[in-house]
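Down below is the structure, laid out as structure tokens.
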Amino acid sequence: MKSESAVSPVIGVLLMLTLTLIIAAIVNSYAGGLMNTQEKSPAIILQSEFHREDGEKWNLTLHHISGDPLPTCCVNLIIRPSRTFSCGYDTIKELDRSNIKEDTNSENSWANGISSMHAGDIHVISGTKEDIAEKIQPPGIDFLDETSIGNTFYLELYYDRNLIARNEVLIQP
């Protein structure tokens with residue numbers, strides 16, 4: 000007499016294994032869809048200069064050396080004095096996007112008309128001694144004083160609250 004009782008337990012184990020794999024696949028696909036996929040911050044190399052031009056005109060230039068395009072609507076620029084200023088190095092100034100332009104004569108700004116900055120682009124904040132002081136200087140700090148020449152400040156770029164670039168900018172005559 001032949002016993003065929005072994006067929007039923009093997010099929011049962013295979014069915015349970017198949018069911019387990021199907022449930023695992025469903026849970027994995029559902030959980031994978033719940034993950035927060037945050038956009039990656041742009042990576043850039045930026046060079047900055049602050050100098051006097053034509054006697055009374057001052058320029059803070061931003062030169063995008065290389066890297067990803069920089070969406071100007073999502074970037075905050077912060078000026079922070081370095082420790083070369085004996086006091087006030089803990090104060091900051093957030094730059095207004097409407098002051099950052101393609102060149103000194105342009106009407107287009109980061110707030111109106113310029114949507115991104117690409118590698119090779121040079122943008123500028125320009126003004127007279129009074130204008131530039133209001134546009135870039137943190138409270139209680141005088142970048143334009145003759146004794147400040149040779150000192151430095153930091154220009155920090157934040158994308159979605161993440162620091163993406165920090166330049167030490169020399170105050171040039």
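Just so it is clear: in the sequence shown, position 46 is 45 by numbering that gives the first Met the number 0, and no numbers are missing. Using N, Cα and C, we set each Cβ at its ideal position, and we do this for glycine too.
Pick from the options: whose alpha carbon is nearest that of residue i?
i      : options                          : result
Ile103 : Lys56, Phe84, Ile10 and Pro41    : For the record, residue 103 in the displayed sequence is Thr; it is not Ile. Per the Cα distances, Lys56.
Lys39  : Thr127, Lys100, Tyr157 and Pro8  : Tyr157
His50  : Asn107, Gly149 and Gly119        : Gly149
Asn196 : Ala132, Ile124, Ile44 and Ser105 : Here the chain covers residues 0 to 172 and nothing more, so residue 196 does not appear.
Ser115 : Val12, Leu162, Leu61 and Ile21   : Leu61
Ile121 : Asn58, Leu20 and Ile135          : Asn58
Ala110 : Cys73, Glu155, Asp159 and Tyr153 : Cys73
Ala132 : Asp159, Ile78 and Arg160         : Ile78
Asp159 : Ile10, Ala42, Leu20 and Ser7     : Ala42
Ser125 : Pro8, Gly31 and Gly54            : Gly54
Using the three-state DSSP reduction, which class does residue i fall into: helix, strand or coil?
i      : result
Thr60  : strand
Thr83  : coil
Pro70  : strand
Ser65  : strand
Ser7   : helix
Ile22  : helix
Ile148 : coil
Thr127 : strand
Just to confirm, are residue i and residue j a CB contact at a threshold of 8 Å?
i      : j      : result
Gln174 : Ile64  : Within the shown structure, residues of the chain are numbered from 0 to 172, placing residue 174 beyond reach of any answer.
Thr71  : Pro138 : no
Leu154 : Leu76  : yes
Lys134 : Asn98  : yes
Glu93  : Val168 : no
Pro80  : Ile140 : yes
Ser105 : Arg96  : no
For the putative contact between residue i and residue j, defined by C-beta atoms under 8 Å, what is the C-beta separation to the nearest angstrom?
i      : j      : result
Pro170 : Thr151 : Here residue 170 turns out to be Ile, not Pro, going by the sequence shown. That pair is a contact at about 7 Å.
Ala23  : Gly66  : Contact flag wrong, Cβ pair sits at about 41 Å.
Would you list the one or two residues that DSSP bridges to residue i?
i      : result
Tyr157 : Asn75 and Leu162
Asn111 : Ser108
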